[in-house]
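Residue numbers (full-length UniProt numbering): 1 to 209. Structure, as structure tokens:
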């Protein structure tokens, strides 16, 4: 197999753009953690807006580079799949932030922080997995990261049961329960998007191993 740097004339550029996209996803998860733990939401919402603008620009730039670049180290469909999957993480996080900002007063006492922390840790692993692409597509470190991502996803799934039991069985505020359920499911969806990125990276590594 040819050296990736040899066949990928703009290798560093594509890898760099994907890494920046993963970093933007991580920043959005960090902002979400701040949103559900801090009382002043204004600076956090500003951070969300900045992160989403950056992510949109990166996604568009990656798509444009794919059109203008003749040879790529990774298959074009793999780059496109990663670009799309990475884009969906901050997009889902932003949906949570927008809805949470509206209904936060109605959800006092509902703990989103633990699930937000699982999401933040998941995006950290995603960033590490994307970083592995430029290191030679090594299967062992990517498999370890993939296993960590699967563990975090399982942890997030388990965390959903306790609040549902409290809100639906022990609680008497149906509206509060419905609003919380919607937000918990968005957090779960964002974690699932991290898993999707991990699955794509792992499949790429298997393809080239």
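Don't be surprised by glycine CBs; every beta carbon is placed ideally from N, CA and C.
In the three-state DSSP reduction, residue 156 falls in the helix class (H, G or I). For the set 184, 39, 64, the Cα lying nearest the Cα of residue 112 is the one of 184.
In this structure, residue 31 places its C-beta atom within 8 Å of the C-beta atom of residue 51. A distance below 8 Å between beta-carbons, with the five flanking residues on each side excluded, links residue 148 to the following residues of its chain, in chain order: 125. Take residue 89, set aside five residues on each side of it, and the residues of its chain with a beta-carbon closer than 8 Å to its own are 25, 28, 29, 123, 126, 190, 193, 194, 197, in chain order. Taking the Cα of residue 16 as reference, the smallest distance to any Cα among 116, 176, 155, 62 is reached at 62.
Residue state for residue 137 is assigned as coil, using DSSP reduced to three classes. Residue nearest to residue 181 within the set 77, 159, 199, 84 is 159 (criterion: CA-CA distance).
Within its own chain, the residues whose Cβ lies closer than 6 Å to the Cβ of residue 134, once the five positions on either side in sequence are excluded, are 15, listed in chain order.
Closest option to residue 36, judged by alpha-carbon separation, among 186, 154, 101, 139: 101.
CA-to-CA, the gap between residue 45 and residue 97 works out to about 8 Å.
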